[in-house]
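What follows is a set of notes on a single structure, which appears directly below.
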Amino acid sequence: PLDDALVLFGRARTGLYMNTYSVAKDENPYEVEIALIDDLKPGDVAVFACDGPTTRLAPWGELLSTAARCRGAVGCVTDGLVRVTPDWEITYANRAAEQILGVPRQQMVGHSALEVFPESIGTPLQKGIAGALEQRAPIEFEEYYAPANRWFDVRVWRDEPEFSIYFRHVTRRRSQPTQ
Numbered sequence: 320p321l322d323d324a325l326v327l328f329g330r331a332r333t334g335l336y337m338n339t340y341s342v343a344k345d346e347n348p349y350e351v352e353i354a355l356i357d358d359l360k361p362g363d364v365a366v367f368a369c370d371g372p373t374t375r376l377a378p379w380g381e382l383l384s385t386a387a388r389c390r391g392a393v394g395c396v397t398d399g400l401v402r403v404t405p406d407w408e409i410t411y412a413n414r415a416a417e418q419i420l421g422v423p424r425q426q427m428v429g430h431s432a433l434e435v436f437p438e439s440i441g442t443p444l445q446k447g448i449a450g451a452l453e454q455r456a457p458i459e460f461e462e463y464y465a466p467a468n469r470w471f472d473v474r475v476w477r478d479e480p481e482f483s484i485y486f487r488h489v490t491r492r493r494s495q496p497t498q
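Taking this note's numbering, the leading residue of the sequence shown gets 320, the next gets one more, and so forth.
And the structure:
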């Protein structure tokens with residue numbers, strides 16, 4: 320890095336998920352992804368992004384995180400991440416957040432989350448995040464967000480002086496019948 324003081328976790332090792340429509344015989348569509356994970360060094364962070372909105376991607380989430388940690392890396396980020404100040408200004412949004420929320424980063428960063436997502440005001444999702452911001456304690460919850468017609472798994476915690484909001488779209492899992 321240009322400035323070691325800006326390192327939050329470790330060295331980022333990036334990957335991009337792409338749609339896979341068919342796989343030829345003897346072809347391994349996960350070869351590059353596995354090579355990236357196998358090459359992680361202690362302190363590295365694997366960061367995977369999605370190439371546009373799609374329902375055909377199936378990020379390995381927990382498997383990749385576990386494999387990364389077993390190699391001494393900090394972990395693997397596949398969830399959406401938005402960082403906000405206590406007065407709701409968005410200071411950062413990762414590419415996964417763009418994909419999940421359907422809003423470009425430049426329309427989020429530097430703006431109030433309540434202005435970017437006015438339909439969220441008063442919803443259980445907004446109230447849950449507000450509760451975490453007020454309590455200054457980590458919180459995790461799952462909530463349906465009607466304007467997007469989606470279920471989200473949300474984790475919020477204070478990362479002075481801001482808050483990190485990690486989320487993932489879990490509608491497909493929620494719509495599966497329980498066994």
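Quick reminder that beta carbons are idealized off the backbone N, C-alpha and C, glycines included.
Express the C-alpha separation of ASN413 and ALA365 in angstroms, rounding to a whole number.
-> 13 Å
Whole-Å CB distance - THR410 paired with GLU479, under 8 Å assumed = Contact doesn't hold; Cβ gap of about 13 Å is too wide.
Which residues in the same chain have their Cβ closer than 8 Å to the Cβ of VAL428, if we skip the five residues on either side of it in sequence?
-> ILE409, THR410, TYR411 and ALA412.
How many Å lie between LEU452 and PRO405 at the Cα?
-> 7 Å
Close-in-space but distant-in-sequence residues of the same chain around GLY450 (CB under 8 Å, 5 per side omitted) = ILE458
ILE458, DSSP secondary structure in three states | The answer is strand: DSSP assigns ILE458 an E or B state.
Go ahead and pull the three-state DSSP assignment for THR490.
-> helix
Terminal residues of the continuous beta strand (DSSP E) containing ALA343?
-> Run containing ALA343: none; DSSP gives neither H nor E here.
Beta-carbon proximity list for ALA432, same chain, < 7 Å, skipping 5 on both sides | VAL403, TRP407 and ILE409
First and last residue of the uninterrupted alpha helix (DSSP H) at ARG402 = Looking at the DSSP string, ARG402 is not in any alpha helix (DSSP H); the run it does join, the beta strand (DSSP E), is 399 to 403.
Determine the direct distance from the alpha carbon of LEU335 to that of GLU462, and round the result to whole angstroms.
-> Distance from the CA of GLU462 to the CA of LEU335, rounded to the nearest whole angstrom, comes to 28 Å.
When the distance is taken between beta carbons, is GLY362 closer than 8 Å to ARG332?
-> no
Can you have a look at ALA387 and say buried or exposed, based on whether 16 or more other CB atoms are within 10 angstroms of its CB?
-> Flag for ALA387 reads buried.
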